[in-house]
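Here's the structure, in structure tokens; my notes come after.
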Amino acid sequence: MNFIETDIKGVFIIEPKVFVDNRGYFMESYKQSEFEKYIGKIEFIQDNESKSSYGVLRGLHYQLGKDAQSKLVRVIKGKVLDVAVDVRKSSSTFSKHAAVELSEENKRQLFIPRGFAHGYVVLSEEAIFTYKVDNTYAPQSERSIIYNDPTIGIDWGISANNILLSAKDAAAHLLENADLFD
């Protein structure tokens, strides 16, 4: 596996070694010893999966305090633009984001540490998105930042007219009004 740290410390793109032959392909999607060598010890406790159609935007979500989550995300089918936003007020990269295209073709993964909001938009007809987390979902600690916050300035790669949001995500806060990490 190739671990590439983004411009934001702690956020990594992970490129697996893919072995292709006439039968298909094989790859290791997670190897604890390599992960710990480059990123550190993270105890993933749960795997989640979602299926979404073109234009669905999920995020930008995070959990505060003891309920914060690290995530290791990837796409099994389709293509998404995946985004991590630093929401740690004391960080030198506060409000900065890393955006990476994840797809079934490139098989890339993104590691998002605690202290980051996370979201993605589906760029293909549909996408199956899977991720590991190191903490359980805690609705009382969940927060959201609106996807089009001008302070963050994310280019989602599709027209705003094509973006489909849940009611909760449509009502999310601007970064300046959100509860954040210290």
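Heads up: the sequence shown begins at -10 in the working numbering, then just goes up one per residue.
Glycine included, each C-beta is placed from N, C-alpha and C at the ideal position.
LYS121 (DSSP reduced to helix, strand or coil): As a working note, residue 121 is residue 132 in the sequence shown. Reduced to three states, the DSSP call for LYS121 is strand.
Contact check, VAL45 vs VAL111, beta carbons under 8 Å: Taking the sequence shown and counting its residues from 1, the one referred to as residue 45 is at position 56. Taking the sequence shown and counting its residues from 1, the one referred to as residue 111 is at position 122. At a Cβ-Cβ threshold of 8 Å, VAL45 and VAL111 count as neighbours.
Rounded Cβ spacing between ILE143 and VAL72 (contact assumed at less than 8 Å): What you label residue 143 is simply residue 154 of the sequence shown in a count that begins at 1. What you label residue 72 is simply residue 83 of the sequence shown in a count that begins at 1. The Cβ separation is near 6 Å, so the contact holds.
For LEU49, the three-state DSSP class (helix, strand or coil): Walking along the sequence shown from the start, residue 49 turns up at place 60. Under the three-state reduction of DSSP, LEU49 is assigned to strand.
Cα-Cα separation between PRO5 and SER155, rounded to whole angstroms: Position 16 of the sequence shown, counted from the first residue, corresponds to residue 5. Position 166 of the sequence shown, counted from the first residue, corresponds to residue 155. Between PRO5 and SER155, the C-alpha separation is close to 32 Å.
Helix, strand or coil at GLN35 according to DSSP, with G and I counted as helix: For this step, residue 35 is matched to residue 46 along the sequence shown. Three-state result, GLN35: strand.
Element boundaries [beta strand (DSSP E), containing SER22]: Taking the sequence shown and counting its residues from 1, one reaches residue 22 at position 33. For SER22, no beta strand (DSSP E) segment is defined; the enclosing uninterrupted segment is the alpha helix (DSSP H) at 21 to 27.
Which listed residue (PRO102, VAL9, MET16) has its alpha carbon closest to that of GLU(-6): Taking the sequence shown and counting its residues from 1, one reaches residue -6 at position 5. Comparing Cα-Cα distances from GLU(-6) to each of PRO102, VAL9, MET16, the minimum goes to PRO102.
Among ALA87, GLY54, LEU70, PRO128, nearest to VAL104 - alpha-carbon criterion: Mapped onto the sequence shown, residue 104 falls at position 115. In the sequence under discussion, the amino acid at residue 104 is Gly, which differs from the Val named in the question. GLY104 has its Cα closest to that of GLY54, out of ALA87, GLY54, LEU70, PRO128.
Buried or exposed by the 16-neighbour rule on C-beta atoms within 10 Å, applied to ILE34: For the purposes of this step, residue 34 is identified with residue 45 of the sequence shown, where counting begins at 1. Exposed.
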